[in-house]
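**Student:** Read in this note's numbering, the sequence shown has 516 at position 353, and its numbers run on one by one without any break. C-beta atoms are modelled at their ideal positions from N, C-alpha and C, and glycine is treated no differently.
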Amino acid sequence: MNLDANLDRELASDVPAWQPGGLVWGVLLLAAIARVSVLWGWSDNLSDDRDVYLAIAEGVAEGRGYSVHGTNIPTAFRPPLYPVMLAVTGTSRSPFGRALLHLVLGVGTVWLTVVIACRFGLSRRLALFAGAIVAVDPLLLRYTTFPMTETLATFLATALLGCLTMPSSRHQQLLTGFVFGLNVLCRPTVWVFAGLMGLWWISRRLVSMRESQPSEPLSFPWLTMAAGLLTVLPWVVRNTIVMGHPILMTTHGGYTLLLGNNPRFYEEVVNQPWGTVWDGSHGAGQEVWVEEVNRQMDEAGVTGEVDRDRWLGQRARETMQEQPGMFVRACLLRLRRFWSLAPQGEAGAAIPSQLRLPVITFYGGIFLLAAVGLIRIFIPRPSCFQLTQWLPVVLLIATFVSVHLVYWSNARMRSPVVPAIALLAARSVSRRRE
């Protein structure tokens, strides 16, 4: 999971050294002002614990461990990094502390985006353009105000791309593995990214062997893999001890899979016009469905978090097999939701009406530029160096798109790849052929 060693000399000579300047500080200031503004205007959101991360963090801070809210019952329902970070930093009970944490992470994401763009050989102006996109992105600004993983996940995903653009060394490989481990402890989705990068490495290896290239061999990133696994290992060991199972990710996957793949959702949302949300306007609604599913598990004697996760996942797979046509339609709906120009439902209602058109215009323009940037990477045929540079960006986006084709999806799910999209948008107007 790192740039090929035999390209490092080209990387070092071709990419100008990045140094902060007045305009860079201006973009960072823009990011800070935008985030302070939304944190001030929607400060109540900082205590809206819709994903129970604050409750879990309070349990850790109180010495009850990573447990169900208000109990000593251990849980693995949510990934651990964000709530543990809140507990360790003492921000689980401090809205101001959470605001400061999110502010630092958000500005840091913008800085990393600019650095990566410069490493890709984009001009300073285009690097600042990419950073400015991230600085004012409406999704990132909105979820800066919530105690949710979006802000941290976006920072970590961008940091991972930053690690992958560094010249290969032992330090780089260890750092990449560590940052990857943090990513999957925040968003398990990133495991798929590792798989895609692994397939890319294998394909490069096979091509190299078939062509009998005399160049340096593609070394397997053992240090990266070891560092990543060691970072995740404490979570797996903890789950083995207290949950009775070596859970690598979470016990949340079965629920999110069934949430978007059940007969009620298919009928009340997928079969309805675009923009329909699962609010009960075309049937019983999501809350009633959740109550029914919980009752069915109780009647079937399914107890325990792990068993419930498996039961939910099995029900989802049965639905997909029994209704393949609706499953395909649901996948297309999820794809459309992922790339939606404006959020829907409650999130959409939170956007002032006078800002809705600017948000749609912003995303429409950025997505168009990103599509052009993607085409410019692959057409005409890219050099090995250029492809090696940009492929992690493309695969990161592909990771989140592919996972949320099957699992629950909305525009919020694309937050971690906003910087990657911004980099492609900047690439679209670059005159330089890296």
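Mind reading off the beta-carbon distance from R256 to Y216? Whole number of angstroms is fine, and I expect it under 8 Å.
**Tutor:** The pair is not a contact, with the Cβ atoms about 13 Å apart (cut-off 8 Å).
**Student:** Buried or exposed: which applies to F259, given that a residue is buried once 16 or more other Cβ atoms fall within 10 Å of its Cβ?
**Tutor:** exposed
**Student:** Exposed or buried, what is F541 when buried is set at 16 or more other beta-carbons lying within 10 Å of its beta-carbon?
**Tutor:** Burial state of F541 is exposed, judged by a 10 Å Cβ sphere holding fewer than 16 other Cβ atoms.
**Student:** Note down, in chain order, each residue of its chain lying with its Cβ closer than 6 Å to the Cβ of C326, except the 5 sequence neighbours on either side.
**Tutor:** L338, T339, V342
**Student:** Grab me the residues of A322's own chain with a C-beta within less than 7 Å of its C-beta, minus the 5 sequence neighbours each way, in chain order.
**Tutor:** Excluding the 5 residues flanking it on each side, A322 has same chain C-beta neighbours closer than 7 Å at L275, V342, in chain order.
**Student:** Classify Q552 as buried or exposed, calling it buried when 16 or more other Cβ atoms lie within 10 Å of its own Cβ.
**Tutor:** buried
**Student:** I296 lies in the alpha helix (DSSP H); which residues open and close that run?
**Tutor:** 287-299
**Student:** At the level of alpha carbons, what is the spacing between L533 and A585?
**Tutor:** The residue you asked about is not Leu; residue 533 is Ala in the sequence shown. Roughly 7 Å separates the two Cα atoms.
**Student:** Grab the span of the alpha helix (DSSP H) containing L249 for me, first residue to last.
**Tutor:** Unbroken alpha helix (DSSP H) run through L249: 244-252.
**Student:** With H, G and I counted as helix, E and B as strand and the rest as coil, what does DSSP make of L174?
**Tutor:** Residue confidence for L174 is low, a pLDDT of 45 falling below 50, so the modelled location carries little weight and cannot support an answer.
**Student:** Which stretch, first to last residue, makes up the alpha helix (DSSP H) that contains E225?
**Tutor:** Unbroken run through E225: none, as it is neither H nor E.
**Student:** Tell me which residue opens and which closes the alpha helix (DSSP H) that S516 is part of.
**Tutor:** DSSP places S516 inside the alpha helix (DSSP H), whose first and last residues are 516-541.
**Student:** Within 7 Å: the Cβ of E462 and any heavy atom of the ligand ATP?
**Tutor:** Judged by which ligands are present, the structure shown has none, so any question about the ligand ATP falls away.
**Student:** Quick one: what does DSSP say P351 is sitting in, helix, strand or coil?
**Tutor:** Coil at P351, not helix or strand.
**Student:** Looking only at DSSP bridge pairs, what is P426 linked to?
**Tutor:** In the DSSP output, where bridge partners are listed per residue, P426 has none listed.
**Student:** When the Cα atoms are used, what is the spatial distance from T345 to I529?
**Tutor:** It should be noted that the sequence gives Leu, not Thr, for residue 345. Going from the Cα of L345 to the Cα of I529 covers about 28 Å.
**Student:** Can you tell which of L266, A390, W354 has the C-alpha that lies nearest to the C-alpha of A561?
**Tutor:** Comparing Cα-Cα distances from A561 to each of L266, A390, W354, the minimum goes to W354.
**Student:** So what does DSSP say about P310, is it helix, strand or coil?
**Tutor:** coil
**Student:** Could you give the first and the last residue of the continuous alpha helix (DSSP H) run that contains Q459?
**Tutor:** 449-462
**Student:** Straight-line CA distance for L393 to L421?
**Tutor:** 31 Å
**Student:** Which partner residues of P237 appear in the DSSP bridge assignment?
**Tutor:** S230
**Student:** Assuming T307 and L202 make a contact with CB atoms under 8 Å, what is their CB distance in whole Å?
**Tutor:** 6 Å
**Student:** Please name the residue, chosen from A389, H232, V440, that lies closest to D212 on a Cα-to-Cα basis.
**Tutor:** Out of A389, H232, V440, H232 has the C-alpha closest to the C-alpha of D212.
**Student:** The alpha helix (DSSP H) with V432 in it runs from where to where?
**Tutor:** Neither: V432 is in no alpha helix (DSSP H) and is coded neither H nor E.
**Student:** By Cβ distance, which residues of its chain are closer than 6 Å to C494, with the 5 residues on each side in sequence left out?
**Tutor:** L568
**Student:** Is DSSP giving I196 helix, strand or coil here?
**Tutor:** helix
**Student:** Terminal residues of the continuous alpha helix (DSSP H) containing H265?
**Tutor:** 258-282
**Student:** In chain order, what residues of the same chain have a beta carbon less than 7 Å from the beta carbon of L268, not counting five sequence neighbours either side?
**Tutor:** T314, L315, F318
**Student:** Judging by CA-CA distance, which residue of L504, L531, G536 is the nearest neighbour of P521?
**Tutor:** For the residues L504, L531, G536, the minimum Cα distance to P521 belongs to L504.
**Student:** For the alpha helix (DSSP H) that Q484 lies in, which residues bound it at each end?
**Tutor:** 468-485
**Student:** Quick test of the definition: if touching needs 3 or more C-beta pairs under 8 Å, does the region 417-436 touch the region 480-496?
**Tutor:** Using a Cβ-Cβ distance cut-off of 8 Å, the region 417-436 and the region 480-496 are in contact, since at least three pairs of beta carbons, one from each stretch, lie closer than that value.
**Student:** Secondary structure at R544, three-state DSSP: helix, strand or coil?
**Tutor:** coil
**Student:** Hey, how far is the Cα of G407 from the Cα of P506?
**Tutor:** 39 Å
**Student:** Under the three-state reduction of DSSP, which class applies to V440: helix, strand or coil?
**Tutor:** Secondary structure of V440 (DSSP, three-state): coil.
**Student:** Check for me: the alpha helix (DSSP H) holding L386 runs from which residue to which?
**Tutor:** 385-405
**Student:** Give the range of the alpha helix (DSSP H) segment to which I410 is assigned.
**Tutor:** Counting along the chain, I410 falls outside any alpha helix (DSSP H), and DSSP gives it neither H nor E.
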